[in-house]
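There are 4 protein chains.
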Amino acid sequence: MIQRMPAKEKTQTSSDWVSTTFRVRYAETDQMGVVYYANYLIWFEIGRSEFCRQHGFEYRDMEQQDGLYIIVAEASCRYKSSAHYDDEIEVRTCLRAGRRRVLVFGYEVYRSEDHQLLAEGETTHVIVDRAGRACTLPEKYREFFAAGVKAQ
Amino acid sequence: MIQRMPAKEKTQTSSDWVSTTFRVRYAETDQMGVVYYANYLIWFEIGRSEFCRQHGFEYRDMEQQDGLYIIVAEASCRYKSSAHYDDEIEVRTCLRAGRRRVLVFGYEVYRSEDHQLLAEGETTHVIVDRAGRACTLPEKYREFFAAGVKAQ
Amino acid sequence: MIQRMPAKEKTQTSSDWVSTTFRVRYAETDQMGVVYYANYLIWFEIGRSEFCRQHGFEYRDMEQQDGLYIIVAEASCRYKSSAHYDDEIEVRTCLRAGRRRVLVFGYEVYRSEDHQLLAEGETTHVIVDRAGRACTLPEKYREFFAAGVKAQ
Amino acid sequence: MIQRMPAKEKTQTSSDWVSTTFRVRYAETDQMGVVYYANYLIWFEIGRSEFCRQHGFEYRDMEQQDGLYIIVAEASCRYKSSAHYDDEIEVRTCLRAGRRRVLVFGYEVYRSEDHQLLAEGETTHVIVDRAGRACTLPEKYREFFAAGVKAQ
Chain C
28 MIQRMPAKEK TQTSSDWVST TFRVRYAETD QMGVVYYANY LIWFEIGRSE
78 FCRQHGFEYR DMEQQDGLYI IVAEASCRYK SSAHYDDEIE VRTCLRAGRR
128 RVLVFGYEVY RSEDHQLLAE GETTHVIVDR AGRACTLPEK YREFFAAGVK
178 AQ
Chain A
28 MIQRMPAKEK TQTSSDWVST TFRVRYAETD QMGVVYYANY LIWFEIGRSE
78 FCRQHGFEYR DMEQQDGLYI IVAEASCRYK SSAHYDDEIE VRTCLRAGRR
128 RVLVFGYEVY RSEDHQLLAE GETTHVIVDR AGRACTLPEK YREFFAAGVK
178 AQ
Chain D
28 MIQRMPAKEK TQTSSDWVST TFRVRYAETD QMGVVYYANY LIWFEIGRSE
78 FCRQHGFEYR DMEQQDGLYI IVAEASCRYK SSAHYDDEIE VRTCLRAGRR
128 RVLVFGYEVY RSEDHQLLAE GETTHVIVDR AGRACTLPEK YREFFAAGVK
178 AQ
Chain H
28 MIQRMPAKEK TQTSSDWVST TFRVRYAETD QMGVVYYANY LIWFEIGRSE
78 FCRQHGFEYR DMEQQDGLYI IVAEASCRYK SSAHYDDEIE VRTCLRAGRR
128 RVLVFGYEVY RSEDHQLLAE GETTHVIVDR AGRACTLPEK YREFFAAGVK
178 AQ
């Protein structure tokens, strides 16, 4: 599912994007007949989970085994077009910055059927331990994430 | 907010019902233009929290201080009429059974404006400790809950 | 994805069950560390959508083209075991009754990894038109649904 | 609930802020023990609804009577501190810009108990009609919104 872009590509898509797809749930629509805007942040989360999995580890293990949590410091989303019930959605996720203390993920949300861009967004994260203290990302995870930004 | 019913009342409404009100959120509607059905279970939860508060303790403390969790074993809901965005909703909650190991709550959901019954439901709970083992409700909580069913 | 059970099977599993799988989202967990109970009703809905698709039509079209809505009259769920973040979940859906005015769906929710039954439930539905009036299921849909209960 | 700030105040708080309070629902927590980040966008929506109500109209009527929809073009949130189950939350909402075609709302989310700032954010909206076409805000609504930004 990892789609490597050509090396000469200059834009952010030059890094590894990880793609995941799913269908819009009825529960995600609102009375306007489209997906309610907060759900895109849930979809970004699905993208992050899949990004981790594709880069060799599960975020679940990071929490359980290492007691580390990737918490959200900032989130933003620009809505371009509406998603509807039962649409197949593709979330593409990349790592825009993977530093010792901060991770920045970028997202693009498409409708699979017509490749319409529905939204794009960004989330900034810090790493904390079980006590909620900011800490640096351990070496082993830095390697995983480094693989994600190496092509940039 | 506790509404005591006349003693001669025979039905379940003879016990203490605790009432709580809030407005329907846009996020809770779906493309049919009404509140999505799973949200009623979230509303029942709001009713349970308020029931505990009105009976002298906070469920939050039960988890944090005593390491006890009220988990859900069964839930059911009968939908009578639709709720719409911005409707003021009243959830009325009672304790139908408060035994050593099992709690059964009953709920009625009304639209405040016209007192229309929107739904009624029931949830059955067991008590578990941090390790997830079933355990009996400590004496102090039994008293709180006993107060909730004494009039039945 | 339709798994036909042997004809001699007596239980409800003798009918057609439709299976769909997905991963638990972080957003679906609560502070107890497990999936919040209302989400199972959302998962049932995913099961219903997939049931329709596997039986030859899309519920989306039924709403858009025929102006018919399958609304929920009753829902119930019995919780057997907890689901956790990132678990792969399998929802199995069957049609327990498909009459002219009423549809009853049954559900079983499993964790794929260890085939643990997490929950089972049932929803009862009535058909309404755009004006919200109860109506009978048109012939063409009755055939689709009939295929779903024929083996019972 | 409208809190008018002193006229000499220069910052954005010089305009009308509308405040609304509610308690954190159990469903809104995640396995980290805090409110899941997407819920803040739902809370912003509650703030917007209340802002409209306090300025003399209901967003519900705008949709139903005038066939106008305030859709979201952009949303952002900066997370400062965590919210927990049963915390009383105060969402303060202001209108940062109310032009003919674009509305920009600002938000601050506080925990009532200790006045801790939990998050702040912004949403940008455009007005569309039933057909989804961008349109200008009718005069009568512009007056309502103008009242919201007049002190800026």
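Residue numbers (the working numbering), protein chains in the order written: chain C, 28 to 179; chain A, 28 to 179; chain D, 28 to 179; chain H, 28 to 179. Every residue gets a Cβ at the ideal spot worked out from N, C-alpha and C, and that includes glycine. Here the structure is a predicted model, which is why all the values come from computation and not from measurement.
At a cut-off of 7 angstroms between C-beta atoms, tyrosine 53/D counts as an interface residue with respect to chain C. Chain-ordered, the chain C residues with CB closer than 8 angstroms to the CB of phenylalanine 49/D read Phe49. For arginine 105/C, the chain H residues whose C-beta falls within less than 8 angstroms of its own C-beta are Ala100 and Glu101, listed in chain order. Proximity of isoleucine 69/A to chain H, defined by a Cβ-Cβ separation below 7 angstroms, is satisfied. If you look at serine 76/D, you'll find it in the alpha helix (DSSP H) that goes 66-81. Between the segment 107-126 of chain C and the segment 113-128 of chain H, the count of C-beta pairs closer than 8 angstroms stays below three; the two stretches do not touch. Rounded to the nearest whole angstrom, the C-alpha separation of arginine 157/C and tyrosine 112/D is 17 angstroms. By the neighbour-count definition (other C-beta atoms within 10 Å, threshold 16), aspartate 141/A is an exposed residue.
At a beta-carbon threshold of 9 angstroms, the residues of chain D lying near serine 76/C are Arg50, Arg52, Tyr53, Tyr112 and Asp113, ordered along the chain. Interface annotation, tyrosine 168/D: not in contact with chain A, CB-CB separation never under 7 angstroms. If the five residues before and after arginine 50/C are omitted, its C-beta is found closer than 8 angstroms to the C-beta atoms of Asp113, Asp114, Glu115 and Ile116, all from its own chain and listed in chain order. Along the segment 148-159 of chain H, none of the residues has a CB nearer than 7 angstroms to a CB of chain D. For glutamate 72/D, the closest Cβ of chain C is nearer than 7 angstroms.
Annotation: the continuous beta strand (DSSP E) that includes aspartate 156/D extends over 143-156.
Residues of the segment 82-99 of chain A with a Cβ closer than 7 angstroms to any Cβ of chain H, in chain order: Glu85 and Arg87. Glutamate 85/H carries a coil assignment under DSSP once its states are collapsed to helix, strand and coil. Not a single CB atom of chain H sits nearer than 7 angstroms to the CB of alanine 124/C.
Note: phenylalanine 49/C is bridge-paired with Ile116/C in the DSSP secondary-structure output. The Cβ atoms of glutamate 149/D and serine 103/D lie closer than 7 angstroms to each other. Residue pairing for cysteine 162/H: DSSP places it in no beta bridge.
Within 9 angstroms of the CB of alanine 65/D, the CB atoms of chain H belong to Ala54, in sequence order along the chain.
Glycine 60/D has a beta carbon lying within less than 7 angstroms of a beta carbon in chain H. When C-alpha distances from alanine 173/H are compared across Val131/H, Asp88/H and Gly94/H, the shortest belongs to Val131/H. Of all C-beta pairs linking the segment 53-62 of chain D to the segment 78-85 of chain C, fewer than three are shorter than 8 angstroms, placing the two stretches out of contact. Distances from the alpha-carbon of threonine 48/H to those of Val136/H, Thr151/H and Pro165/H put Val136/H closest. When the beta-carbon positions are compared, isoleucine 69/C and alanine 146/H stay at least 7 angstroms from each other. Residue state for glutamate 55/C is assigned as helix, using DSSP reduced to three classes. Inclusion of tyrosine 134/A and phenylalanine 78/A in the CB contact set at 7 angstroms is not warranted, their separation being larger than that value. Rounded to whole angstroms, the Cβ separation of isoleucine 73/H and arginine 52/A is 6 angstroms, and the two are in contact under 8 angstroms. Annotation: the continuous beta strand (DSSP E) that includes alanine 100/C extends over 96-106. Under the 7 angstroms criterion on CB atoms, aspartate 57/D is classed as interfacial with respect to chain H.
With contacts defined by Cβ atoms closer than 7 angstroms, alanine 100/A and tyrosine 106/D form a contacting pair. Straight-line measurement puts the Cα of glutamate 170/D at about 37 angstroms from the Cα of glutamine 91/H. Nearest to valine 45/A by C-alpha distance, out of Tyr67/A, Val61/A and Arg75/A, is Arg75/A.
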